[in-house]
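Have a look at the structure below, then the notes.
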Amino acid sequence: MAFASVYPHYIAKAEKKGRTKEEVDTIISWLTGYDQNALQEQIDNKTDFETFFAQAPQLNPNVTKITGVICGYRVEEIEDPLMQKIRYMDKLIDELAKGKAMEKILRS
Numbered sequence: 602m603a604f605a606s607v608y609p610h611y612i613a614k615a616e617k618k619g620r621t622k623e624e625v626d627t628i629i630s631w632l633t634g635y636d637q638n639a640l641q642e643q644i645d646n647k648t649d650f651e652t653f654f655a656q657a658p659q660l661n662p663n664v665t666k667i668t669g670v671i672c673g674y675r676v677e678e679i680e681d682p683l684m685q686k687i688r689y690m691d692k693l694i695d696e697l698a699k700g701k702a703m704e705k706i707l708r709s
């Protein structure tokens, strides 16, 4: 599945709850290390999730602080590394849509 096909859904989910595309991009950058230009390049290239995470500059070292349930699974217990990274992103976007403060979402 292409990251670019899911990205608009992340933005729509956030905007429906009064949050912004910039906040979504900040979360994705925090998680993956992509800057805005590199993120846009991944979207333009319709990169799949496997490649998106494989090419990510650096997964945030605080990623292990992301815990909780997403889609019925505890993110910290997901065994497939790629699926876990995807669910980390889903969890962060969910937290944004639920109105959590950016400092808490970014585990500052």
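Add 601 to the 1-based position in the sequence shown for the working numbering, that's all there is to it.
Note that the Cβ used here is the ideal one computed from N, Cα and C, for glycine as well.
| Asked | Found |
| --- | --- |
| Measuring only the C-alpha atoms, how far is Phe654 from Met690? | 11 Å |
| Return the chain-ordered list of same chain residues with a C-beta closer than 6 Å to the C-beta of Asn663, the five sequence neighbours on each side being excluded. | Arg708 |
| If you check the beta carbons only, do Leu640 and Asp649 fall under 8 Å apart? | no |
| Between which residues of its own chain and Ile694 is the CB-CB distance below 7 Å, once the five residues before and five after are set aside? | Tyr611, Lys614, Ala615, Val625 and Ile628 |
| Can you name, in chain order, every residue of its own chain whose Cβ lies under 7 Å from the Cβ of Arg620, other than the five neighbours on each side? | Leu697 and Ala698 |
| How about Leu683 and Glu642: do their beta carbons lie closer than 8 Å? | no |
| Here's a check: name, in chain order, each residue in its chain whose Cβ is nearer than 7 Å to the Cβ of Gln659, leaving out the five neighbours to either side. | Gly634 |
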